[in-house]
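Enquirer: Dumping the structure here so I can ask a few things about it.
Numbering (this note's numbering), first residue to last: 6 to 657.
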């Protein structure tokens, strides 16, 4: 071989090695290997896009179909509407009275929706749907960042195992300069036919190219991106996230902000580039500030508690760069939160501090003042229910995370498992000792549940020989089918047709998951799709009857149609505050600035005589006969929902 041909041979060999890493979609050079990044395949990208499109359509489907129910949802909507009508972005009010129970971020989102779409159930709940989707996006993002770091580690390992390859890649700039300065060499390289002939005559060169192709094939075949995809899939199809994303709730909002805060922090923990790490930490503190605006001090307690638990589990102190960020990061968080807290303290001073901080933070946690008691094991029961249909994968993921923790593994995926373990345990312990318990309090744990379960699905997707999680999940589908039939028979609130349809979907998914236990990704997609189908059927066939019985929307609409549109509404019930939204401005409030509750027939008669005009009353159906016997009033029973009747009471 001539000297020129030898040069061509050397340049081609080096360029082949350089191109290998280019085809893996990672930027050179190896002295900055931390910036290497393996993009997912085109198929994986399309799969992720289709997944999020499906989630968007599903999460916004039917948001305005059902009325507000419960004590909280209608009140939150009314507070946002009153602020919107007054064009006041600072002071929350309910019924015209100051209402300092929650911070303003959810109200702002609802107000923006009211501006665009008008004041309605759909507009108000769109804030929660957006929060749910952003939570899924945070889960996907942290999974992708972890896979990115894992890919970097694998590539660095491949490079370190091939010293010649590392040396050749590091001299890429020199090679380019050499080629550009030698026209004859460029000419020889461009002579593709001659070069191919030379390659075919050189056994050594063919062997080297074959090795590099094998390495390229090995790297490109690894399923990078699967952790992000499967974790997002689990998050978006989890029953708890779906339920809270369809109701106006502060819990889903703070779940979203905490999820992004911890996602930014963990990404900063994995990041080696200082500028990128600083940007991620700034985003972490910014999201912490939003968490303060989302639900108050818990927006600080949970993220810092999780981070502290994470380093405790690892037995290591935070890096100096992360510790030093506290000096500027906490002021950044406080500055973000100050856009609302500052004006509130300025306008309302000690009244705001006492009502918002003392009563709705410390007293809510330390006492049962708000009547939400629960045993210490309450959330051990609630969490698996919120995680359905992925409860089996949650338990399996916890066991695997525990093993990774005890082994002391330091690869990115093992560190993520330890992080999610801390993310689950800290809020679980913290809220278990609270005197006031509600299912929504533990909702910020669900992103960690999705990451653990998604990690297990990703491992199964890569060929791990463990069918038990899918088998158990399929069995849960069969158990759920039986449970629905039993519930329908005992409660009477679910029609036979709806119960059979839901049971058929659940049972079919369970059976097919068992049959497809070796094709685990197909079984998982089937289970998630069945969850969507069950929710759609429930929205159409089950929820309307339940919601109509729990809400006064239809009753008030019928009363308005009968000519009582301006009548005062009196006698609310503690578990139904929907009149505060649907009869806004007409509800009777007491001296404590709370709606006057129904307290028996005598109270009702006295109120009507005191006002000397017709009032609308919400009366339990069982009290109608007694009310009809009262001699000093005239009643007009307008309608009932099987539980409560709306009655026009006129004093005689």
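Quick reminder that beta carbons are idealized off the backbone N, C-alpha and C, glycines included.
Quick test of the definition: if touching needs 3 or more C-beta pairs under 8 Å, does the region 130 to 150 touch the region 444 to 456?
Expert: They touch, by the three-pair rule.
Enquirer: What residues match up with residue 644 in a beta bridge as DSSP calls it?
Expert: Partner(s): 651.
Enquirer: Tell me, please, which residues DSSP counts as bridged to residue 432.
Expert: Answer is none; residue 432 lacks a bridge partner.
Enquirer: Please name the residue, chosen from 68, 94, 113 and 82, that lies closest to residue 100 on a Cα-to-Cα basis.
Expert: Among 68, 94, 113 and 82, the Cα nearest to that of residue 100 belongs to 82.
Enquirer: In the DSSP assignment, what residue or residues form a beta bridge with residue 573?
Expert: Answer by DSSP bridge pairing, in chain order: 620.
Enquirer: Could you say if the region 535 to 547 and the region 573 to 589 meet the contact criterion of at least three C-beta pairs nearer than 8 Å?
Expert: Because the criterion of three Cβ pairs below 8 Å is not met, the region 535 to 547 and the region 573 to 589 do not touch.
Enquirer: I need the straight-line Cα distance from residue 548 to residue 274, nearest angstrom please.
Expert: So the alpha carbons of these two residues sit roughly 44 Å apart.
Enquirer: Curious, which full-length alpha helix (DSSP H) runs of at least 4 residues does the region 474 to 562 contain?
Expert: As far as the region 474 to 562 is concerned, its whole alpha helix (DSSP H) runs of at least 4 residues are 501 to 520, 525 to 542 and 548 to 555.
Enquirer: What does the Cβ neighbour count give for residue 365, buried or exposed, with the cut at 16 atoms within 10 Å?
Expert: Answer is buried; the Cβ neighbour count reaches 16.
Enquirer: In this structure, how does DSSP classify residue 592 when only helix, strand and coil are distinguished?
Expert: Strand at residue 592.
Enquirer: Can you give me the C-alpha to C-alpha distance between residue 554 and residue 564, rounded to a whole angstrom?
Expert: Cα to Cα, the separation comes out at about 16 Å.
Enquirer: Using 8 Å for Cβ pairs, my map puts residue 573 next to residue 606. What's the rounded Cβ distance?
Expert: Going by Cβ atoms, the distance from residue 573 to residue 606 rounds to 18 Å, so no, they are not a contact pair.
Enquirer: Considering just the uninterrupted stretch of the alpha helix (DSSP H) at residue 301, what are its terminal residues?
Expert: Unbroken run through residue 301: none, as it is neither H nor E.
Enquirer: Apart from the five residues just before and just after residue 379, which ones in its own chain have a Cβ nearer than 7 Å to its Cβ?
Expert: 442, listed in sequence order.
Enquirer: How far does the alpha helix (DSSP H) with residue 110 in it reach, from first residue to last?
Expert: Start and end: 110 to 122.
Enquirer: On the criterion of 16 or more Cβ atoms from any shown chain inside 10 Å, does residue 446 qualify as buried, or is it exposed?
Expert: It is buried - the Cβ of residue 446 has at least 16 other Cβ atoms within 10 Å.
Enquirer: Would you identify the three-state DSSP class for residue 634, choosing helix, strand or coil?
Expert: DSSP places residue 634 in coil when its eight states are reduced to three.
Enquirer: Name the DSSP bridge partner or partners of residue 98?
Expert: Looking at the DSSP assignment, residue 98 forms a beta bridge with 103.
Enquirer: Which stretch, first to last residue, makes up the alpha helix (DSSP H) that contains residue 326?
Expert: Residue 326 -> alpha helix (DSSP H) spans 325 to 329.
Enquirer: With H, G and I counted as helix, E and B as strand and the rest as coil, what does DSSP make of residue 224?
Expert: With a pLDDT of only 39 at residue 224, under 50, the local geometry of the prediction cannot be trusted, and the value read off the model is given with reservation. Residue 224 falls in the helix class under three-state DSSP.
Enquirer: According to the Cβ coordinates, are residue 341 and residue 296 closer than 7 Å?
Expert: No; because the gap between Cβ atoms is not below 7 Å, this pair is not in contact.
Enquirer: Are there 16 or more other CB atoms within 10 angstroms of the CB of residue 495, so buried, or fewer, so exposed?
Expert: The residue is exposed, with fewer than 16 neighbouring Cβ atoms inside 10 Å.
Enquirer: Considering only residues of the same chain and omitting the five flanking positions on each side of residue 102, which have a CB-CB separation below 6 Å?
Expert: So the list reads 598, once near-sequence residues are dropped.
Enquirer: Taking C-beta to C-beta, are residue 656 and residue 638 nearer than 7 Å?
Expert: Yes, the Cβ-Cβ distance between residue 656 and residue 638 is below 7 Å.
Enquirer: Please classify residue 4 as buried or exposed, where buried requires at least 16 neighbouring CB atoms within 10 angstroms.
Expert: Look at the range of the chain in this structure, 6 to 657, and you will see that residue 4 is not part of it.
Enquirer: Could you tell me the alpha carbon to alpha carbon distance between residue 654 and residue 556, rounded to whole angstroms?
Expert: Roughly 21 Å between the two C-alpha positions.
Enquirer: Tell me the DSSP secondary structure of residue 581 in three-state form.
Expert: Residue state, collapsed to three classes: strand.
Enquirer: Please go through the same chain and pick out, in chain order, the residues whose beta-carbon is closer than 7 Å to the beta-carbon of residue 247, but skip the five residues on each side of it.
Expert: Closer than 7 Å at the Cβ level, and outside the excluded window around residue 247, lie 540.
Enquirer: Going by Cα to Cα distance, which pick from 600, 288 and 593 is closest to residue 613?
Expert: Closest by alpha carbon: 593.
Enquirer: With a threshold of 6 Å on Cβ separation, who are the neighbours of residue 310 within its own chain once the five nearest residues in sequence on each side are excluded?
Expert: For residue 310, where only same-chain residues beyond five positions count, the Cβ hits under 6 Å are 431.
Enquirer: Expressed to the nearest angstrom, what Euclidean distance is found between the alpha-carbon atoms of residue 234 and residue 596?
Expert: Distance between the alpha carbons of residue 234 and residue 596 is about 53 Å.
Enquirer: Are there three or more Cβ pairs, one per stretch, closer than 8 Å when the region 262 to 279 is compared with the region 412 to 429?
Expert: With the cut-off at 8 Å, the region 262 to 279 and the region 412 to 429 touch.
Enquirer: In whole angstroms, give me the CA-to-CA distance for residue 648 and residue 623.
Expert: The straight-line gap from Cα to Cα measures roughly 10 Å.
Enquirer: Inspect the CB distances between the region 120 to 129 and the region 306 to 323 and report whether three or more fall short of 8 Å.
Expert: The region 120 to 129 vs the region 306 to 323: no contact.
Enquirer: Using DSSP with H/G/I as helix, E/B as strand and the rest coil, what is residue 70?
Expert: It is coil, neither helix nor strand.
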